[in-house]
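Chains as they are written, first to last, in the numbering used here: chain A, 12 to 166; chain B, 23 to 448.
Note that beta-carbon positions come from the ideal geometry of N, C-alpha and C, so glycine has one too.
Predicted model only: the values in this text are computed from it and were never measured.
To keep things clear, I will list the structure first and then write my remarks on it.
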Amino acid sequence: EKLFHSRDHSDIRSSGLHQAELVSDLLSAQQYLSKYGWTEPVPWDPSRSGDIEPLEDISRFQQGIHDSGQEFAEPTKTPLFIEALKKFQKLNNLPITGKLDEATINAMNKPRCGVPDNQTTKARSAEAQTLLKSPGNPVGSSENMNMSPNPPKIR
Amino acid sequence: KKRFLDMLMYSNKYKKEQEELQKAGKAFSKKLLKWRLIGEGYSSQLSINEQRYVFRLAFRMWSEVMPLDFEEDNTSPFSQIDIRLGFGTGRHLGCTRTFDGSGQEFAHAWFLGDIHFDDDEHFTAPNSDNGISLLKVAVHEIGHVLGLSHIHRTGSIMQPNYIPQESGFELDWSDRKAIQTLYGSCEGPFDTVFDWVRMERNQYGELVVRYNSYFFRNSWYWMYENRNNRTRYGDPIPISTGWQGIPVQNIDAFVHVWTWTRDSRYFFKGALFWRYDSENDKAYSQDTQGRRYPRPIYEAFPGVPSPIDTAFFDRRTQHIYFFRDVLVYAFDINRNQVAPSFPKTITSFFPAVVPNNHPKGSIDVAYYSYMHSSLFLFKGKEFWKVVNEKERRNNPSLPLNGLLPKRAISEQWFDICNVHTSLLKM
Chain A
12 EKLFHSRDHS DIRSSGLHQA ELVSDLLSAQ QYLSKYGWTE PVPWDPSRSG
62 DIEPLEDISR FQQGIHDSGQ EFAEPTKTPL FIEALKKFQK LNNLPITGKL
112 DEATINAMNK PRCGVPDNQT TKARSAEAQT LLKSPGNPVG SSENMNMSPN
162 PPKIR
Chain B
23 KKRFLDMLMY SNKYKKEQEE LQKAGKAFSK KLLKWRLIGE GYSSQLSINE
73 QRYVFRLAFR MWSEVMPLDF EEDNTSPFSQ IDIRLGFGTG RHLGCTRTFD
123 GSGQEFAHAW FLGDIHFDDD EHFTAPNSDN GISLLKVAVH EIGHVLGLSH
173 IHRTGSIMQP NYIPQESGFE LDWSDRKAIQ TLYGSCEGPF DTVFDWVRME
223 RNQYGELVVR YNSYFFRNSW YWMYENRNNR TRYGDPIPIS TGWQGIPVQN
273 IDAFVHVWTW TRDSRYFFKG ALFWRYDSEN DKAYSQDTQG RRYPRPIYEA
323 FPGVPSPIDT AFFDRRTQHI YFFRDVLVYA FDINRNQVAP SFPKTITSFF
373 PAVVPNNHPK GSIDVAYYSY MHSSLFLFKG KEFWKVVNEK ERRNNPSLPL
423 NGLLPKRAIS EQWFDICNVH TSLLKM
């Protein structure tokens with residue numbers, strides 16, 4: 012069982028055996044960006060049968076072969092990677108350096124939802140695609156509505 | 023195990039339904055969605071009741087802002103369950119996306135489908151401090167299942183990263199509009215709507231008047247916060263919870279007779295009426311002459327038929343206006359009788375400013391709003407605003423008590439949404 016001492020289990024500590032692999036270097040950062048759709052939208056099939064295509068094939072990405080066919084000295088520092096990194100930094104209100112700095116690594120290691128940030132579902136029309144791409148603009152809601160001014164009171 | 027997976031993944035009914043929705047590509051088309059915390063997917067960290075309570079609250083929070091109801095269903099066949107929730111670790115519940123252990127990914131959801139939570143994460147129930155709030159994650163993932171993607175906007179529940187929250191979180195205006203883009207806004211007739219006026223002393227000891235707006239429907243009600251453009255968080259709640267001694271459902275009207283000498287509040291239902299004690303917040307059991315409440319309407323308001331559709335008190339004329347079918351009756355509270363030349367047709371007493379743009383009769387609600395300093399007549403999903411004095415001064419051509427063209431109630435009073443009766447009492 013998970014270790015705890017207090018009656019309400021509030022001090023429960025995970026065993027530490029199953030720890031998520033944290034982003035720490037260029038390779039793990041590029042896997043993160045690919046996994047959550049920052050390099051290109053990840054197909055997120057709605058049907059439960061889960062016949063989802065395997066996540067974007069990283070090997071093409073790793074070989075540093077960009078569409079233009081140029082090869083790069085370090086496999087992960089492709090324009091695709093830098094562009095994805097900048098997009099990630101922009102939407103997470105980080106300094107847009109295009110470099111894997113500490114702030115970016117911390118942001119990547121925050122607890123998050125497993126659904127990709129940029130995804131396509133077969134059912135989603137292209138229109139939904141462009142909506143997803145425009146930063147900060149949720150599907151259909153208009154920004155000019157004033158935010159409800161008051162902070163939420165406890166329910 | 024194989025049979026279970028087949029049942030879970032490939033039942034024909036489910037696939038047909040999903041293809042239909044996929045064609046639409048947007049959202050569920052049903053108005054009542056069934057959900058279940060699957061038996062193989064209980065968390066090892068919270069009691070089952072705690073888990074179910076959190077999910078009930080999470081579904082209620084969405085239902086409070088959109089025209090969909092959610093009901094927990096632990097008995098129907100699996101294929102009829104719309105949203106299935108479960109906890110797992112690593113490779114789990116036949117899912118193709120493996121969890122990564124404690125840290126980083128804490129849950130995922132399938133559009134129009136299932137929600138899985140990583141049980142290696144330290145999920146906590148509401149009001150406990152450290153750990154990841156299961157409620158907040160559940161509301162986020164339900165948002166995905168309903169069709170929302172990640173939204174990179176401060177304050178949105180659909181931000182991909184988990185943001186710890188000191189006190190309770192709520193769905194803000196933009197998240198509400200985002201989901202209503204997919205499902206439409208909440209609409210429907212009301213039984214009665216009124217502003218409840220209170221006398222209070224401010225910090226300087228001065229007597230001040232405050233009011234709160236209430237919307238009643240069936241056996242529940244909302245308080246509407248005008249300055250926030252939304253209902254109170256956590257509404258609707260049962261009438262029986264907030265209002266003692268009055269009928270617990272289908273109130274016909276509320277009237278506040280408020281003059282220099284009188285301050286009486288009445289609830290009407292059917293042939294009867296109740297007087298409400300504002301000081302002690304409950305209905306009076308009897309009047310000053312010892313007559314027991316509820317009393318027959320005809321007894322205290324001679325000449326007024328019952329049941330009525332609705333009613334309101336006009337402080338300028340000191341008349342209570344009772345509506346029934348296509349007629350309106352003006353009751354003079356000082357002479358205790360229906361005023362001469364009444365009843366009149368509603369179309370004549372409240373003439374349409376734009377020809378034929380008029381509710382004609384069977385008015386649901388006559389609501390005088392202090393916020394808008396205007397009387398509104400509600401019928402079904404729409405309202406007609408009665409021309410007020412200020413508007414007539416600016417435009418003398420407007421008729422007395424003229425009705426301006428109708429508008430949708432949901433365009434002026436936002437997000438007044440039902441919740442499933444099983445979620446009414448949390």
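DSSP beta-bridge partners for residue i?
i	result
Pro-318(B)	Leu-294(B)
Gly-108(B)	His-138(B)
Trp-57(B)	Glu-94(B) and Ile-105(B)
Thr-253(B)	Tyr-246(B)
Arg-429(B)	Phe-405(B)
Ala-333(B)	Phe-344(B)
Phe-128(B)	In the DSSP output, where bridge partners are listed per residue, Phe-128(B) has none listed.
Cβ of residue i less than 8 angstroms from any chain B Cβ?
i	result
Lys-121(A)	yes
Ala-31(A)	yes
Asp-128(A)	yes
Leu-111(A)	no
Ser-79(A)	Residue placement at Ser-79(A) cannot be trusted, given a pLDDT of 41 that sits under 50; what the coordinates show is reported in the next sentence. For Ser-79(A), the answer is no, since every Cβ of chain B falls outside 8 angstroms of its Cβ.
Leu-102(A)	yes
Spatial neighbours of residue i within its chain, please: CB distance less than 8 angstroms, with the 5 preceding and 5 following residues excluded, ordered by chain position.
i	result
Ile-60(B)	Arg-106, Leu-107, Gly-108 and Leu-115
Gln-434(B)	Phe-405
Lys-412(B)	Ser-395
Taking a contact to mean a Cβ-Cβ separation below 8 angstroms, would you say residue i touches residue j in this structure?
i	j	result
Pro-324(B)	Lys-291(B)	no
Ala-388(B)	Glu-404(B)	no
Asp-437(B)	Val-87(B)	yes
Ile-273(B)	Trp-242(B)	no
Asn-120(A)	Val-53(A)	no
Phe-238(B)	Thr-263(B)	no
Val-161(B)	Trp-57(B)	no
Arg-123(A)	Tyr-184(B)	yes
Met-11(B)	Asn-234(B)	Because chain B here runs from 23 to 448, residue 11(B) falls outside it and cannot be looked at.
Between which two residues does the beta strand (DSSP E) carrying residue i extend?
i	result
Phe-237(B)	229 to 239
Tyr-184(B)	Careful: Tyr-184(B) lies outside any beta strand (DSSP E) and carries neither H nor E.
Met-221(B)	214 to 223
Tyr-43(A)	It is not in any beta strand (DSSP E) - Tyr-43(A) instead sits in the alpha helix (DSSP H) that spans 37 to 46.
Ala-275(B)	275 to 280
Taking the continuous alpha helix (DSSP H) assigned at residue i, which residues delimit it?
i	result
Arg-415(B)	411 to 416
Thr-339(B)	First-last for Thr-339(B): undefined, no H or E at that position.
Asp-197(B)	195 to 205
Tyr-390(B)	Run containing Tyr-390(B): none in the alpha helix (DSSP H); it sits in the beta strand (DSSP E), 387 to 391.
His-166(B)	156 to 168
Glu-72(B)	70 to 85
Ala-95(A)	90 to 102
Any C-beta of chain A sitting closer than 8 angstroms to the C-beta of residue i?
i	result
Met-29(B)	Any reading at Met-29(B) must be qualified, since the residue scores a pLDDT of 49, below 50, and its modelled position is unreliable; the value itself is stated next. Chain A contact via Cβ: absent.
Ala-430(B)	no
Ala-131(B)	yes
Arg-338(B)	no
Glu-1(B)	In the structure displayed, chain B extends from 23 to 448; residue 1(B) sits before or after that span and is not available.
Phe-77(B)	no
Ser-124(B)	yes
Arg-119(B)	yes
Phe-128(B)	yes
His-442(B)	no
Ile-137(B)	no
Glu-39(B)	Low local confidence applies: a pLDDT of 49 at Glu-39(B) is under 50, so the model's placement there is unreliable, and no value is given.
Asp-213(B)	no
Thr-111(B)	yes
Asn-183(B)	yes
Lys-447(B)	no
His-172(B)	yes
In chain order, what residues of the same chain have a beta carbon less than 7 angstroms from the beta carbon of residue i, not counting five sequence neighbours either side?
i	result
Phe-121(B)	Gly-110, Thr-111, Gly-112, His-114, Glu-127, Asp-140 and Asp-142
Glu-85(A)	Note that Glu-85(A) scores 46 on pLDDT, short of 50, meaning its location in the model is unreliable; the coordinates nonetheless yield the value given after this. There are no such residues.
Gly-383(B)	Asp-347, Val-348 and Ile-368
Ser-98(B)	Lys-56
Might you give, ordered along the chain, the residues of its own chain that have their beta carbon closer than 6 angstroms to the beta carbon of residue i, omitting 5 neighbours on each side?
i	result
Ser-178(B)	Asp-197
So which residues of chain D does residue i contact, with C-beta pairs closer than 8 angstroms?
i	result
Ile-154(B)	No chain D appears in the structure shown, which is made up of the protein chains A and B.
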